[in-house]
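Note sheet for the following structure.
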DNA sequence: TTACCAACATTCATGAATGTATGTAAACCC
DNA sequence: GGGTTTACATACATTCATGAATGTTGGTAA
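Protein chains in written order, with UniProt numbering: chain L, 1 to 236; chain W, 1 to 236.
Written out as C-alpha cells, the structure reads:
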C-alpha cells in the first residue's frame with residue numbers, strides 16, 4: 001500500500017494508462033470504472049479520489065496528449081509569417097504524421113476521440129477541434145489564393161476540403177488497416193502530390209523522383225515555427 | 001392498436017426507423033430500447049416481439065441498407081471485364097458518392113457503423129467490410145499495374161491506400177462538416193484528379209477544363225456493370 | 001508519541017437498462 | 001361464433017454501473 005506523495009501520482013497515471021487502453025479496446029461507454037480500476041491495480045475508491053467522474057477522467061486523458069489535429073493547429077496557428085502557406089501546411093502535417101506513427105498513446109487517444117463522435121460527452125470537443133482545423137485550413141488556402149499560389153482550377157474551399165480529407169483520411173485508414181502501411185512514408189508522398197496538384201505552377205510533379213517537389217524557400221522556417229508551436233502546447 | 005398483419009410490418013419499420021435516428025444521433029450504446037420504442041410509438045414489449053435483442057436490431061438495420069462500401073464492392077466485384085480497372089473503380093466510387101449524397105438513411109447508417117468501431121458488436125462487421133474493400137482495391141491496382149496503366153512511381157499498395165483514403169475520407173469529412181460542401185461535386189473532382197495522377201500517362205490532368213480527363217473507352221460499360229451489381233445486392 | 005491528514009479500500013443506496021413472464025384485445029380460421 | 005393465434009402492453013425480476021458514505025492505514029508534522 002502506497003501512501004507517499006509521489007506514489008499517488010504513480011497511481012493516477014496507472015489509472016490514466018488503464019483507461020486509455022480500455023477506452024481504446026472496448027470503447028468509452030463499454031468500459032466500466034471497475035474494469036479500469038482493476039486494470040490499474042486499485043479499486044474504484046482510488047479512482048474517485050483522483051477523479052470526480054468518468055467525464056473528468058476523459059478530460060484528463062485528453063489533457064495529457066496532443067492530438068495530431070491539435071499539433072497541426074499549434075504549428076500553423078499564428079498568421080505572422082510571410083512564408084509559403086501551402087508548404088507550411090504540408091510541413092506541419094507531415095511532421096504530425098511522423099510523430100503519430102511512433103506514439104501509441106496518441107494513436108489510442110485518436111481512436112477514443114473518433115469513437116466519441118455521437119456520444120454526448122465528446123461531441124463538442126470533437127466538432128470544436130474539427131471546426132477549428134477546418135477553418136484554419138480554409139484561411140490558409142485563401143491566403144494561398146491571394147498570393148497567387150493556388151491553381152485556378154480550385155477554389156479555396158475545395159482545396160481545404162481536399163487537404164482535410166487527405167490528412168484525416170490517412171490517419172483513419174492507417175488505424176483501420178492495423179498499420180498496414182508506413183504512415184509517414186505513404187503520407188508524405190500523398191500529401192506532396194496532393195499539394196503539388198493544388199499549386200498554381202503544378203508543383204513540378206512531373207519530375208518522377210518520388211520525393212515530390214524540391215524544397216521551396218521557407219521550408220526551414222516553417223519547420224522551426226512548427227517546433228516552437230508544438231512545444232508551447234505540450235503539457236509540462 | 002394495430003393487430004392486422006400488414007400493420008405488424010409497419011410497426012417493425014417504425015422501430016427500425018426510430019433506431020436508425022436514435023443510434024445516429026446519440027450513438028448505439030447510449031440509445032436505450034425504451035427510447036427507441038417510445039419514438040416508434042410502441043412499448044418495449046413490441047420491440048421484443050420483433051427482435052431478439054439490441055444486436056439483432058442492429059443487424060436488421062444494416063440488412064435493409066446498402067452502404068457505399070458495399071455498393072462499390074458490388075459494382076466491381078466480378079473480375080470478368082477487360083475494361084480499364086482504374087476507370088471502373090472511379091466510376092463506381094463516384095456513383096456511390098452521388099447516391100450517398102441524397103440518401104439520408106444511408107448517411108445515418110454510415111455514421112452508426114463508423115461509431116461502432118471499438119464496440120464489441122460491430123467490430124467484426126466493420127473490419128470485415130473494410131478488409132474486403134481494401135483487398136479488392138488492391139487487386140484492382142495490381143491489375144492496373146499488370147496492364148501498364150499504373151504510373152511507375154506508385155506501387156499497387158500505395159495506389160490502393162491513396163484511393164481508399166480519398167473515398168472513405170471524403171464521406172467522413174462530408175458528414176463531420178455537416179454537409180458543408182457538395183459531396184458528389186467535390187468528390188468527382190478529387191477522385192478524377194487522384195486517379196489521373198495515378199495513371200501511367202498522367203491522365204491528361206494538365207488540361208485545365210475542371211471536368212477532369214475526357215471519357216476513356218469502357219466508361220459506359222463500367223457504369224452498366226455497376227448498375228447490375230448494385231441491383232443484385234439490394235434487398236427485395 | 002500523538003494527532004492529523006492523505007490515500008486509499010469497502011460497503012451501501014440508487015437508478016437505469018435489460019430481459020422475461022404474463023395479461024389481453026383484435027384478427028383469423030373453421 | 002368459439003377457439004386459436006397474432007401482436008402487442010404491462011408488470012416484474014435481475015443485473016450492473018455509478019456515486020456517495022464510511023472505514024482503515026500508513027506517513028508526517030508538532
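By construction, the Cβ of each residue, glycine as well, lies at the ideal position given by its N, Cα and C atoms.
Exercise. Inspect the CB distances between the segment 154–174 of chain L and the segment 154–170 of chain W and report whether three or more fall short of 8 angstroms.
Key: A contact exists between the segment 154–174 of chain L and the segment 154–170 of chain W.
Self-check item: Cross-chain neighbours of residue 177 of chain L in chain W, by beta carbon under 7 angstroms
Solution: Counting from 1 along the first chain, the entry for residue 177 of chain L is found at position 177. Contact note: residue 177 of chain L reaches chain W through 134, using a C-beta cutoff of 7 angstroms and chain order.
Quiz prompt | Straight-line gap, residue 199 of chain W to residue 76 of chain W (C-alpha atoms, nearest Å) | solution = In the second chain, counting from the first residue as 1, residue 199 of chain W sits at position 199. In the second chain, counting from the first residue as 1, residue 76 of chain W sits at position 76. Looking at the two C-alpha atoms, the distance is approximately 19 angstroms.
Practice problem: Could I get the ranges of all uninterrupted beta strand (DSSP E) runs contained in the segment 49–125 of chain L, with 3 residues as the minimum, in chain order? | Solution: Counting only runs of 3+ residues, no beta strand (DSSP E) is found wholly inside the segment 49–125 of chain L.
Quiz item: Out of curiosity, what's the CA-to-CA distance linking residue 20 of chain W and residue 9 of chain W?
Solution: Reading the second chain from its first residue, position 20 is the one you call residue 20 of chain W. Reading the second chain from its first residue, position 9 is the one you call residue 9 of chain W. Cα-Cα distance, rounded: 16 angstroms.
Quiz item: Shorter than 8 angstroms from the beta carbon of residue 69 of chain W to some beta carbon of chain L?
Solution: Locating residue 69 of chain W in the second chain gives position 69, where the first residue counts as 1. No, no contact with chain L.
Quiz item: Based on the DSSP secondary-structure assignment, which residues constitute the bridge partners of residue 199 of chain L?
Solution: As a position in the first chain, residue 199 of chain L is number 199, starting the count at 1. In the DSSP secondary-structure assignment, residue 199 of chain L is bridged to L:150.
Quiz item: What does residue 181 of chain L touch in chain W if you count any residue whose Cβ is under 7 angstroms from its own?
Solution: Within the first chain, numbered from 1, the residue matching residue 181 of chain L stands at position 181. What residue 181 of chain L touches in chain W: 157, 161.
Exercise. Please list, in chain order, all residues of the same chain as residue 100 of chain W whose beta carbon is under 6 angstroms from its beta carbon, the five residues on each side excluded.
Key: The residue labelled residue 100 of chain W in the question sits at position 100 within the second chain. 68, 106, listed in sequence order.
Self-check item: Nearest neighbour of residue 73 of chain W, chosen from W:148, W:93, W:14 [CA to CA]
Solution: Counted from its first residue, the second chain places residue 73 of chain W at position 73. Closest option to residue 73 of chain W, Cα to Cα, is W:93.
Quiz prompt | Cβ-based neighbour list, residue 149 of chain W, same chain, cut-off 8 angstroms, excluding 5 preceding and 5 following | solution = By one-based count along the second chain, residue 149 of chain W stands at place 149. Only 84, 85, 86, 199, 200 meet the Cβ criterion.
Quiz prompt | Test: residue 193 of chain W CB closer than 8 angstroms to a CB of chain L | solution = By 1-based counting over the second chain, the position of residue 193 of chain W is 193. Taking 8 angstroms as the threshold, the shortest C-beta distance from residue 193 of chain W to chain L falls below it.
Quiz item: Looking at the unbroken alpha helix (DSSP H) that takes in residue 163 of chain L, where does it start and where does it end?
Solution: In the first chain, counting from the first residue as 1, residue 163 of chain L sits at position 163. Segment 156–176, the alpha helix (DSSP H) holding residue 163 of chain L.
Quiz item: Does residue 11 of chain L come within less than 8 angstroms of chain W when only Cβ atoms are used?
Solution: Walking along the first chain from the start, residue 11 of chain L turns up at place 11. At a cut-off of 8 angstroms, the C-beta of residue 11 of chain L has no neighbouring C-beta in chain W.
Quiz item: Hey, out of W:129, W:155, W:113, W:185, whose CA is closest to residue 26 of chain W's CA?
Solution: The residue you call residue 26 of chain W lines up with position 26 of the second chain. Out of W:129, W:155, W:113, W:185, W:113 has the C-alpha closest to the C-alpha of residue 26 of chain W.
Quiz item: Can you tell me whether DSSP reads residue 180 of chain W as helix, strand or coil?
Solution: The residue given as residue 180 of chain W occupies position 180 in the second chain. When secondary structure is reduced to three states using DSSP, residue 180 of chain W falls in the coil class, being assigned neither helix nor strand.
Quiz item: How would you list, in chain order, the residues of chain L whose beta-carbon sits under 7 angstroms from the beta-carbon of residue 53 of chain W?
Solution: As a first step, residue 53 of chain W is located in the second chain; it is residue number 53 there, counting from the start. Here the premise fails: no neighbours, minimum Cβ distance about 16 angstroms.
Quiz item: What three-state label does DSSP hand residue 41 of chain W in the structure shown?
Solution: Reading the second chain from its first residue, position 41 is the one you call residue 41 of chain W. Correct three-state label for residue 41 of chain W: coil.
Exercise. Assign residue 197 of chain L to one of two classes, buried (16 or more other C-beta atoms within 10 Å of its C-beta) or exposed (fewer than that).
Key: If you number the first chain from 1, residue 197 of chain L lands on position 197. With 16 or more Cβ atoms within 10 Å of its Cβ, residue 197 of chain L is classed as buried.
Exercise. Compare the C-beta of residue 164 of chain W against all C-beta atoms of chain L and say whether one is closer than 8 angstroms.
Key: What you label residue 164 of chain W is simply residue 164 of the second chain in a count that begins at 1. Closer than 8 angstroms: yes.
Self-check item: Proximity winner among L:152, L:48, L:29, relative to residue 15 of chain L (alpha-carbon distances)
Solution: Along the first chain, read from residue 1 onward, the residue named residue 15 of chain L stands at position 15. The shortest C-alpha separation from residue 15 of chain L is found at L:48.
Quiz prompt | Residue from W:97, W:12, W:88 with nearest C-alpha to residue 61 of chain W | solution = As a first step, residue 61 of chain W is located in the second chain; it is residue number 61 there, counting from the start. With distances taken between Cα atoms, residue 61 of chain W lies closest to W:12.
Quiz item: Using a C-beta to C-beta distance shorter than 7 angstroms, which residues of chain W count as neighbours of residue 241 of chain L?
Solution: Residue 241 of chain L cannot be examined here, being either before or after the span of chain L that is shown, 1 to 236.
Practice problem: Tell me, please, whether the CB atom of residue 125 of chain L is closer than 8 angstroms to any CB atom in chain W? | Solution: For this step, residue 125 of chain L is matched to residue 125 along the first chain. No, because no Cβ of chain W sits closer than 8 angstroms to the Cβ of residue 125 of chain L.
Exercise. To the nearest angstrom, report how far apart residue 166 of chain W and residue 166 of chain L are at their CA atoms.
Key: Locating residue 166 of chain W in the second chain gives position 166, where the first residue counts as 1. Locating residue 166 of chain L in the first chain gives position 166, where the first residue counts as 1. Their backbone Cα atoms lie some 6 angstroms apart in a straight line.
Quiz item: So what does DSSP say about residue 27 of chain W, is it helix, strand or coil?
Solution: Residue 27 of chain W sits at position 27 when you count from the first residue of the second chain. Coil, per DSSP.
Practice problem: Note down, in chain order, every chain L residue with its Cβ under 9 angstroms from the Cβ of residue 110 of chain W. | Solution: In the second chain, residue 110 of chain W corresponds to position 110, counting from 1. Those do not exist, as residue 110 of chain W stays about 11 angstroms from chain L at its closest Cβ, beyond 9 angstroms.
Quiz item: chain W partners of residue 186 of chain L, CB-CB under 8 angstroms?
Solution: Here the question's residue 186 of chain L lines up with position 186 in the first chain. Chain order gives the chain W residues near residue 186 of chain L as 158, 161, 162, where near means a beta carbon separation below 8 angstroms.
Exercise. Identify which residue in W:155, W:177, W:136, W:53 has its Cα closest to the Cα of residue 111 of chain W.
Key: Here the question's residue 111 of chain W lines up with position 111 in the second chain. Residue 111 of chain W has its Cα closest to that of W:177, out of W:155, W:177, W:136, W:53.
Exercise. Give the interface partners of residue 201 of chain L over in chain W, defined as CB-CB distance under 7 angstroms, in chain order.
Key: For the purposes of this step, residue 201 of chain L is taken as residue 201 along the first chain, with counting starting at 1. In chain W, no part has a C-beta under 7 angstroms from the C-beta of residue 201 of chain L; the shortest such distance is about 12 angstroms.
Quiz item: Short check: CB of residue 18 of chain W to CB of residue 46 of chain W, under 8 angstroms?
Solution: On the second chain, residue 18 of chain W is found 18 positions in, with the first residue counted as 1. On the second chain, residue 46 of chain W is found 46 positions in, with the first residue counted as 1. No.
Quiz item: Does the beta-carbon of residue 115 of chain L have 16 or more other beta-carbons within 10 angstroms, so that it is buried, or is it exposed?
Solution: To locate residue 115 of chain L, count along the first chain from 1; it is residue 115. With 16 or more other Cβ atoms within 10 Å, it is buried.
Exercise. Have a look at L:6, L:24, L:70 and flag the residue whose alpha-carbon is nearest the alpha-carbon of residue 134 of chain L.
Key: To locate residue 134 of chain L, count along the first chain from 1; it is residue 134. Comparing C-alpha distances from residue 134 of chain L to each of L:6, L:24, L:70 shows the shortest one belongs to L:70.
Self-check item: Below-8 angstroms beta-carbon distance, residue 190 of chain W vs any chain L residue
Solution: The residue you call residue 190 of chain W lines up with position 190 of the second chain. Using a Cβ-Cβ cut-off of 8 angstroms, residue 190 of chain W counts as an interface residue toward chain L, since at least one Cβ of chain L sits closer than that to its own.
Quiz prompt | Beta-carbon spacing of residue 128 of chain L, residue 24 of chain L below 8 angstroms | solution = Here the question's residue 128 of chain L lines up with position 128 in the first chain. Here the question's residue 24 of chain L lines up with position 24 in the first chain. No, the Cβ-Cβ distance between residue 128 of chain L and residue 24 of chain L is not below 8 angstroms.
Quiz item: Taking the alpha-carbon positions, what's the residue 138 of chain L to residue 103 of chain W distance?
Solution: The residue given as residue 138 of chain L occupies position 138 in the first chain. The residue given as residue 103 of chain W occupies position 103 in the second chain. Put simply, the backbone Cα of residue 138 of chain L is about 28 angstroms away from that of residue 103 of chain W.
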